[in-house]
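Asks: Questions regarding the structure given below will be posed in turn.
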Amino acid sequence: MGIGMQSCANALHHAIRSDHRELAMELIRAVPEMSRAVNSYDESPMFISVMRDYEDITKLLLEIEDSAHGGTSGFNALHAAVRNGNSGIAKMIIEKRPDLSTEENGYRNTAVEQAVFLNKIDVLKVLLEHDWSLGYSVSTSGSPLLVSAAQRGYVGVARELLKHCPDAPYCDRNGWTCLHEAVLSGHTEFVEFVMGSQQLRNKLVNMRSEVGKTALHYAVEKCNPRILQALLLNHTTTDFTMISSYGREPSSGLLTEKEPPNKISDWNEVSMVLLQKDPNNASFVYYIHKCVKDMVTNASSKAFKSLTQTLIGNTFLVAILIATITFAAAFTLPGGYNSEGLPTMARKAAFQAFLISDTLAMCSSLAVAFICIIARWEDIGFLLYYRSFTKKLMWLSYMATTTAFATGLYTVLAPRLLWLAIAVCTLPVLLPIFTKLLDELPFLSLRLRLGRTFKSELLDIV
Numbered sequence: 002m003g004i005g006m007q008s009c010a011n012a013l014h015h016a017i018r019s020d021h022r023e024l025a026m027e028l029i030r031a032v033p034e035m036s037r038a039v040n041s042y043d044e045s046p047m048f049i050s051v052m053r054d055y056e057d058i059t060k061l062l063l064e065i066e067d068s069a070h071g072g073t074s075g076f077n078a079l080h081a082a083v084r085n086g087n088s089g090i091a092k093m094i095i096e097k098r099p100d101l102s103t104e105e106n107g108y109r110n111t112a113v114e115q116a117v118f119l120n121k122i123d124v125l126k127v128l129l130e131h132d133w134s135l136g137y138s139v140s141t142s143g144s145p146l147l148v149s150a151a152q153r154g155y156v157g158v159a160r161e162l163l164k165h166c167p168d169a170p171y172c173d174r175n176g177w178t179c180l181h182e183a184v185l186s187g188h189t190e191f192v193e194f195v196m197g198s199q200q201l202r203n204k205l206v207n208m209r210s211e212v213g214k215t216a217l218h219y220a221v222e223k224c225n226p227r228i229l230q231a232l233l234l235n236h237t238t239t240d241f242t243m244i245s246s247y248g249r250e251p252s253s254g255l256l257t258e259k260e261p262p263n264k265i266s267d268w269n270e271v272s273m274v275l276l277q278k279d280p281n282n283a284s285f286v287y288y289i290h291k292c293v294k295d296m297v298t299n300a301s302s303k304a305f306k307s308l309t310q311t312l313i314g315n316t317f318l319v320a321i322l323i324a325t326i327t328f329a330a331a332f333t334l335p336g337g338y339n340s341e342g343l344p345t346m347a348r349k350a351a352f353q354a355f356l357i358s359d360t361l362a363m364c365s366s367l368a369v370a371f372i373c374i375i376a377r378w379e380d381i382g383f384l385l386y387y388r389s390f391t392k393k394l395m396w397l398s399y400m401a402t403t404t405a406f407a408t409g410l411y412t413v414l415a416p417r418l419l420w421l422a423i424a425v426c427t428l429p430v431l432l433p434i435f436t437k438l439l440d441e442l443p444f445l446s447l448r449l450r451l452g453r454t455f456k457s458e459l460l461d462i463v
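One point on numbering: in our numbering, the residue at position 23 of the sequence shown is 24, and numbering is uninterrupted.
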């Protein structure tokens, strides 16, 4: 039967692992000594049972006082219960063998630390209800549980910890707090949780790290508007004037050393919020804005030629297509011609509007096509002007084309189906307005979010 063999699995190991639960329970009752054996991977029957979520077998094994509970790589049965999120088995184990809660696995993690890492809130609750002092444990690397929860953004874990341990440690020996960690890891919800807790906010918001930086310093460096607003807006306790050990204010984080910011819109929003909070520092923020603008311009100019050529090609094709459509429309007039070869609806205002808009669309699209042909200069100033001008001219062409389409349909439908003519024309008329709003949407949304804090002069970065 393999009783007492340490180098290989015995019958009980195989029975549990192979899902022969009735056989396993019979073996435990008949030969309890089997529960003490571990296989060549240091796995005990109890560890395998917990990993398989077998509560009945685990309960029987726990009744044997000297049954083994270890697993591979230093894991034990309580680690396995945490891994599966089985609070029932975890409660049985912690009540029978409380010492397992302080044993570390091969990764130097205890069961409560593993519960935090894996976001197993129900199991964490069971462990803390049995022994609230576990909430004050610190990992071998010196990281408190709240910092570990912040690294992963687990707000529920943090709430459960503070429920049982209101004064749980929130920073390591170097002054690195859970708020620092949440900001650096980009977990906005956790930052909002800390700032929403008066107990944590007053302690953490102005704490300095080993290099003298507050959470605000790291929020500006990460260029995350939501986190910055969580730290600053509606909170007078946040000191935005604190200087790091290197003599840097939070606004210094706006200036990247090597590469321009990835998201210019986020950078703009962060700079506007800082200006609103600290108007005395406006000159420095505008100086950084100029530096970043130069960086973005230099970085863009390297790939500007190829990007512009692609844009020219695409714009040219669209312009020629619109010119072709509008040119053809001039010879297929709505309503047709009379016996004398004249347009039958020449006196109608809608028909005249059709002719004007069709002509305007064709001329503007041909003008864009001509500009695309001559736009071969490598001067970046001209290319920027070209891009801006053709964008406006193409929008005018779109607007005129849709207007021509709408008035052409109206001319034909209005005499018999006025309601349908109005309904059909509504969408083409609204389309240019919709495209204009879509083009301005990023700036409009930023203006709505910031209100009076919005600074249009910070939006001129290329």
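Using N, Cα and C, we set each Cβ at its ideal position, and we do this for glycine too.
Within the segment 379-427, note down every full alpha helix (DSSP H) run reaching 4 residues or more, in order along the chain.
Replies: 381-414
Asks: Determine whether the beta carbon atoms of H70 and M47 lie at a separation below 7 Å.
Replies: yes
Asks: What distance in whole Å lies between the Cβ atoms of C373 and F317, which are believed to be in contact at a cut-off of 8 Å?
Replies: 4 Å
Asks: Please check the pair T404 and S358, which I expect to be a contact at CB under 8 Å, by giving their CB distance rounded to whole angstroms.
Replies: 4 Å
Asks: In the DSSP assignment, find the alpha helix (DSSP H) that holds M243 and state where it starts and stops.
Replies: Note, M243: premise wrong, no alpha helix (DSSP H); not H, not E.
Asks: Measuring CB to CB, does D54 end up less than 7 Å from N87?
Replies: Taking the C-beta atoms as reference points, N87 is found nearer than 7 Å to D54.
Asks: Mark K164 as exposed unless 16 or more other C-beta atoms lie within 10 angstroms of its C-beta, in which case mark it buried.
Replies: exposed
Asks: Cα-Cα, which of A362, M296, A351, K291 is closest to V319?
Replies: Closest option to V319, Cα to Cα, is A362.
Asks: Please classify L322 as buried or exposed, where buried requires at least 16 neighbouring CB atoms within 10 angstroms.
Replies: Exposed.
Asks: DSSP beta-bridge partners for N77?
Replies: G71
Asks: Which one of L79, L147, L205 has the shortest CA to CA distance from R160?
Replies: L147
Asks: How far does the alpha helix (DSSP H) with M196 in it extend, from its first residue to its last?
Replies: Membership of M196 in the alpha helix (DSSP H) is indicated by the continuous run 189-197.
Asks: Measuring alpha carbon to alpha carbon, tell me which of S198, I29, Y137, K214 ends up nearest N175.
Replies: K214
Asks: Given this structure, state the Cα-to-Cα distance separating S19 from V127, to the nearest angstrom.
Replies: The C-alpha of V127 is placed about 30 Å away from the C-alpha of S19.
Asks: Give the single residue among L275, Q230, L135 whose Cα lies nearest to the Cα of E114.
Replies: L135
Asks: How far does the alpha helix (DSSP H) with S272 in it extend, from its first residue to its last?
Replies: Per DSSP, the unbroken alpha helix (DSSP H) holding S272 starts and ends at 265-278.
Asks: Taking the continuous alpha helix (DSSP H) assigned at R30, which residues delimit it?
Replies: 22-31
Asks: Can you tell me the Cβ-Cβ gap for V271 and C224, rounded? I've got them flagged as a contact below 8 Å.
Replies: 5 Å
Asks: Three-state secondary structure (DSSP) at P429?
Replies: helix
Asks: Answer yes or no: do V369 and T402 have a C-beta to C-beta separation smaller than 7 Å?
Replies: no
Asks: What is the rounded straight-line gap between the Cα of S210 and the Cα of T178?
Replies: 8 Å
Asks: With C-beta atoms as the reference, is L63 less than 7 Å away from M93?
Replies: With contacts defined by Cβ atoms closer than 7 Å, L63 and M93 form a contacting pair.
Asks: Residue range of the alpha helix (DSSP H) that D123 falls in?
Replies: D123 -> alpha helix (DSSP H) spans 122-131.
Asks: With DSSP as the reference, please indicate the residues paired to P145 in a beta bridge.
Replies: P145 is bridged by DSSP to V139.
Asks: Sorted by chain position, which residues of the same chain lie with C-beta nearer than 8 Å to F191's C-beta, five sequence neighbours on each side aside?
Replies: A150, A151, G154, Y155, V156, A159, C179, A183
Asks: Taking the continuous alpha helix (DSSP H) assigned at Y219, which residues delimit it?
Replies: 216-223
Asks: Closest to G107 by C-alpha separation, out of H131, D43, V51, S144, would be which residue?
Replies: D43
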